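Enquirer: These protein sequence lines are chains A and Y, in that order. At position 59 of the first sequence the residue is numbered 61 (the numbering used here), and the sequence of numbers has no breaks. At position 29 of the second sequence the residue is numbered 31 (the numbering used here), and the sequence of numbers has no breaks. A virtual CB, placed ideally from N, CA and C, is assigned to each residue, including glycine. No experiment lies behind these values; they were computed from the predicted model shown.
Protein chains: 2
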Amino acid sequence: MTNNLKVERAIHNLTQADLAEKIGVSRQSINAMEKNKYVPSTVLALKIAKLFGKSVEEIFFLEETD
Amino acid sequence: MTNNLKVERAIHNLTQADLAEKIGVSRQSINAMEKNKYVPSTVLALKIAKLFGKSVEEIFFLEETD
DNA sequence: TCTATATGTAAAGTTTTCTTTACTTTTGAT
DNA sequence: ATCAAAAGTAAAGAAAACTTTACATATAGA
Chain A
3 MTNNLKVERA
13 IHNLTQADLA
23 EKIGVSRQSI
33 NAMEKNKYVP
43 STVLALKIAK
53 LFGKSVEEIF
63 FLEETD
Chain Y
3 MTNNLKVERA
13 IHNLTQADLA
23 EKIGVSRQSI
33 NAMEKNKYVP
43 STVLALKIAK
53 LFGKSVEEIF
63 FLEETD
C-alpha cells in the first residue's frame, strides 16, 4: 500500500508533528506511514481522510503486492 | 469503530469463510471484525471496500471513542 | 430429528503496529 | 554561514492485529 500523505500535508500546510497531534499518534508513526514502513489501522486512515476532507481511497492505495 | 460487514456479506451472499478467503485472512478474523473485537488494517479495509464496490467510509464508521 | 453449514468464541502464539527516547540529516530563513 | 524547524532513522518495548486449533452453538433443510 502507498499513500498521498506528504502531498495532503503540503496542501494543508501541516508538519508531520502537526498531523500526528491532530490524529493522536506519534510523529514517528506519521513519518513511518509516509515512508511506507507500516500499514496504519483503519481508524487512523478514517481520521486522516476526514481531516483532509477526502475518502480513504483518495489517500491510501492498494498495490499488486497487497 | 463499527462496520457494515454483516450487511454487505448478506447483500453479496457471502459467508464469513467466503469473505475471509477472498481477502486473504482467517475466518476468525472476519468474525472478530464483525463483532468489533479489533480494528482491521487499512489494507484489509481497502480490499473489503473494493470487493463490495463501495468506499471504505461506506463500510467502516468512526465513533466518538476513536 | 438428524445432519451439514454457518457463526461464535477462546487460548496460545506470531507478527505487526505504534510509542518513547534519542540522535542525525535536511531544509529554509536570516 | 548559522540557526531553528522539519524530517529521517534506529532500537527497545508495549499493545494490538491476526493465525491456528479447537470446540460450542445456532440455523435450516432433508
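(1) Flag T17 (chain Y) as yes if its beta-carbon sits less than 9 Å from any beta-carbon of chain A, otherwise no.
(2) In three-state DSSP terms, what is T44 (chain Y)?
(3) Is it the case that the stretch 44-64 of chain A contacts the stretch 23-35 of chain A, given that we only count it when at least three CB pairs across the two stretches are under 8 Å?
(4) Name the chain Y residues that come within less than 8 Å of D142 (chain A), Cβ to Cβ?
(5) So which residues of chain A does E59 (chain Y) contact, with C-beta pairs closer than 8 Å?
(6) Using a Cβ cut-off of 9 Å (strictly closer), state whether V9 (chain A) contacts chain Y.
(7) Using CA atoms only, rank isn't needed, just tell me which of A:K37, A:N5, A:M3, A:L53 is closest to L21 (chain A).
(8) Using the three-state DSSP reduction, which class does N33 (chain A) fall into: helix, strand or coil?
(9) Against L21 (chain Y), what residues of chain A qualify as contacts under a CB-to-CB distance less than 7 Å, listed in chain order?
(10) Spell out whether any CB of chain Y is found under 9 Å from the CB atom of V41 (chain A).
(11) What is the residue span of the alpha helix (DSSP H) that V27 (chain A) lies within?
(12) Determine whether the Cβ of F63 (chain Y) lies closer than 9 Å to any Cβ atom of chain A.
Expert: For this structure:
(1) Chain A contact via Cβ: absent.
(2) Reduced to three states, the DSSP call for T44 (chain Y) is helix.
(3) Judged by pairs of C-beta atoms under 8 Å, the stretch 23-35 of chain A touches the stretch 44-64 of chain A, as three or more such pairs exist.
(4) It is not possible to answer for residue 142 (chain A), since the shown part of chain A is limited to 3 through 68.
(5) Contact note: E59 (chain Y) reaches chain A through L48, A51, S57, V58, using a C-beta cutoff of 8 Å and chain order.
(6) Under the 9 Å criterion on CB atoms, V9 (chain A) is classed as non-interfacial with respect to chain Y.
(7) Proximity to L21 (chain A) across A:K37, A:N5, A:M3, A:L53 peaks at A:L53, based on C-alpha coordinates.
(8) Here N33 (chain A) sits in helix by DSSP.
(9) Near L21 (chain Y) there are no residues of chain A at all, since even the closest Cβ is about 16 Å away, more than 7 Å.
(10) Output row for V41 (chain A): interface = yes.
(11) V27 (chain A) -> no alpha helix (DSSP H), and no H or E assigned at all.
(12) With 9 Å as the cut-off, F63 (chain Y) counts as an interface residue toward chain A.
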